[in-house]
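These notes are about the structure you will find just below.
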Amino acid sequence: MSRARDFNPRSNRTGEFRGISPARVTEIQEARLAQSNGNGSVRVEIYDQTYQLRGSDPEYISKLADYVDTKMRLVAQQASTVDSLRVAVLAALNIADEYLMLKSKQDSAKLDYSARAGHLSEALDEILEEPRRVG
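Going by the working numbering, the sequence shown opens with residue 519, and the numbers climb by one from there.
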């Protein structure tokens, strides 16, 4: 699992397309949206394979496909393998690692906020229960 933990998915300012000009990124995204056929189905390409996917938001589906494609290409560069199944599994491990780390951070933040809210609520209750002092 060390390979998944060491993998850094950061990319350039476009967020998903490493080494591609912003104008080309827009062109690619518009072409992908044009491939949507109006019934919620969109054609995407992930690691040189074409998939017809259906969902309520074709733009979001395209964004997900772009993310997975980028992950797979980065893993393929680092793993020095041409086996697409192996690349897909390593990319999935990296995505799962990202998800679990974010989930852990979110769960920790929830606990911190709940503890702080409880403390503030207790402090407020103490203040409200004090007899009013007329000055």
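Glycine included, every Cβ here is placed at the ideal spot set by N, Cα and C.
Cβ-heavy atom distance, residue i to the ligand SAH, below 7 Å
i: R561; result: Ligands displayed in this structure: none; no statement on the ligand SAH is therefore possible.
Beta-carbon contacts of residue i that lie in its chain and below 7 Å, excluding the five residues immediately before and after
i: S520; result: Reliability of the predicted coordinates at S520 is poor, the pLDDT of 36 falling under 50, and no value is obtained from them.
i: V562; result: R550, Y569, L571, I579, S580, A583
i: E644; result: none
i: A635; result: none
i: R542; result: none
i: G573; result: G558, I579
Beta-carbon contacts of residue i that lie in its chain and below 8 Å, excluding the five residues immediately before and after
i: A606; result: Y565, M590
Spatially closest choice to residue i from the options, by CA coordinates
i: Q567; options: L603, S574, S632; result: L603
i: G558; options: A541, R542, P576; result: P576
i: N612; options: Q624, S626, V560, A597; result: A597
i: I538; options: V560, T588, S574, G573; result: T588
i: A609; options: Q595, K621, L620; result: Q595
Cross-strand partners of residue i (DSSP beta bridge)
i: L665; result: Nothing about residue 665 can be read from this structure; the chain reaches only from 519 to 653.
Contacts around residue i, its chain only, beta-carbon distance under 6 Å, and the 5 residues preceding and following it disregarded
i: E647; result: none
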